[in-house]
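Counting from 1, position 99 in the sequence shown corresponds to residue 170 in the working numbering; the numbering is continuous, with no gaps. All remarks here apply to the structure that follows.
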Amino acid sequence: MVNQADMALQTLAENPADTDRENMWRTGINVFFETFGSHKAVTRAGQAARATSVEVAELWSTFMQKWIAYTAAVIDAERDRGAAPRTLPAHELATALNLMNERTLFASFAGEQPSVPEARVLDTLVHIWVTSIYGENR
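Written out as structure tokens, the structure reads:
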């Protein structure tokens, strides 16, 4: 499942289809929403296994670092073309956004309380990403 999400994200990276910034981020986040949301039982089991299996934890960490690096590169590219302001360091912002996605998606998929309703979680995450990346420096 992790490989499935990674391959889908890689395909998006190699073939960007949308120039609208909100749609671009929505499409990327949706890779994880669809992949992990389509396999909720496996997602929950994998999340639980991270606490007890060094191998699972290391595998997840490797992919998270890859996805964070990709996100940081896109943020830097948006900044370089003048579409996004230079605020927080891109890698730190990418780390926070990806970790937020991880926790928020898993809470929604597991029906935890509190959590964002699954029907609203994608819109909520996209709003936070776009606001964080393109918002003004404070």
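For glycine and all other residues, C-beta sits at the position ideal for the given N, C-alpha and C. These figures come from a predicted structure and were not determined experimentally.
Residues in its own chain within less than 8 Å of Thr195 by CB, not counting five upstream and five downstream?
-> Listed in chain order, the non-local C-beta contacts of Thr195 below 8 Å within the same chain comprise Thr175 and Val187, local neighbours out to five positions each way being set aside.
Is Val192 closer than 7 Å to Glu93 when the C-beta atoms are compared?
-> When the beta-carbon positions are compared, Glu93 and Val192 stay at least 7 Å from each other.
By Cβ distance, which residues of its chain are closer than 7 Å to Leu83, with the 5 residues on each side in sequence left out?
-> Apart from sequence neighbours up to five positions away, the residues of its chain that approach Leu83 with a beta-carbon distance below 7 Å are Thr98, Gly99 and Val102, ordered along the chain.
In this structure, does DSSP put Met171 in helix, strand or coil?
-> If DSSP states are grouped into helix, strand and coil, Met171 belongs with the helices.
Grouping DSSP H, G and I as helix and E and B as strand, with all else coil, what is Val187?
-> Note: Val187 maps to coil in three-state DSSP.
For His162, which three-state DSSP category applies?
-> Residue state for His162 is assigned as helix, using DSSP reduced to three classes.
Quick one: what does DSSP say Met72 is sitting in, helix, strand or coil?
-> In the three-state scheme derived from DSSP, where H, G and I count as helix and E and B as strand, Met72 is classed as coil.
Just reading off the alpha helix (DSSP H) that Arg121 is part of, what are its end residues?
-> Segment Lys111 to Arg121, the alpha helix (DSSP H) holding Arg121.
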